[in-house]
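Q: Below is one structure. I have some questions about it.
Set out below in structure tokens:
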């Protein structure tokens, strides 16, 4: 009687095509997740850098006010947007002209440091001896899909991070739409004193 030889099962070696595809997909998802975390970290870092720039720019304006001997007497000059001014870097200027020069130079510095930003300088209500400075900038321009934010997406992004104040006329000073703002109040100086019996002239020591 002939003997029937059973087939010998060999142990499986290697991996199948399906298993390799699953491994590739899992690895790709992991890499995408890591990239997403890194992009979010980079965005948060950029946001912190922009806010730090805004704070430093406001401090720069505060230093300019400290250097003006009659900044307090010329607050209205700082709230304006001058188109031209004297070159007070090379020639001595009166306090009012120095204020116009400083605010023009400062606004240029803001535009260079934060492109596309907006600035509002105002005298706050109930605080006639100080200046309110609001700087607004665009935090990000693209969503996670790499597409530009819609108006609704920008509004949702910036709504929790907006600030506002009130000027001397009682009108609200709000953060511009779709921007993230930093608001800070600075105290000007006044070293000028009345000179003479009439009190019409001012003596401004440097």
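Numbering (this note's numbering), first residue to last: 42 to 247.
Virtual Cβ for every residue (Gly too), placed ideally from N, Cα, C.
1. Following a CB-centred definition, is residue 116 positioned closer than 8 Å to any heavy atom of the ligand FAD?
2. Taking buried to mean at least 16 other C-beta atoms within 10 Å of its own C-beta, is residue 156 buried or exposed?
3. Can you tell me where the beta strand (DSSP E) with residue 231 in it begins and where it stops?
4. At which residues does the alpha helix (DSSP H) containing residue 118 begin and terminate?
5. For residue 147 and residue 76, I'd like the C-alpha separation in whole angstroms.
6. Can you grab the Cα-Cα spacing for the pair residue 127 / residue 109, in whole Å?
7. Under the three-state reduction of DSSP, which class applies to residue 168: helix, strand or coil?
8. Less than 9 Å between the beta carbons of residue 162 and residue 173, yes or no?
9. According to the neighbour-count rule (16 or more other Cβ atoms, all chains shown, within 10 Å of its Cβ), is residue 67 buried or exposed?
10. I need the straight-line Cα distance from residue 131 to residue 74, nearest angstrom please.
11. Could you pull out every residue in the same chain whose Cβ sits closer than 6 Å to the Cβ of residue 91, ignoring the five residues on either side in sequence?
12. If we ignore side chains and look at the alpha-carbon of each, how far apart do residue 231 and residue 120 end up?
A: In short, the structure shows the following:
1. Within the structure as shown, the ligand FAD is missing, as the structure has no ligands at all.
2. It is exposed - the Cβ of residue 156 has fewer than 16 other Cβ atoms within 10 Å.
3. It is not in any beta strand (DSSP E) - residue 231 carries neither H nor E in the DSSP assignment.
4. Residues 116 to 120.
5. Distance from the CA of residue 147 to the CA of residue 76, rounded to the nearest whole angstrom, comes to 38 Å.
6. The alpha-carbon separation between residue 127 and residue 109 amounts to approximately 15 Å.
7. In the three-state reduction of the DSSP assignment, residue 168 falls in the coil class, being assigned neither a helical nor a strand state.
8. Cβ distance < 9 Å, so residue 162 and residue 173 count as in contact.
9. Of the other Cβ atoms in all chains shown, fewer than 16 fall within 10 Å of the Cβ of residue 67; this residue is therefore exposed.
10. If you take the alpha carbons of residue 131 and residue 74, they lie about 56 Å apart.
11. Correct list, in chain order: 178.
12. Pairing residue 231 with residue 120, the inter-Cα distance amounts to about 17 Å.
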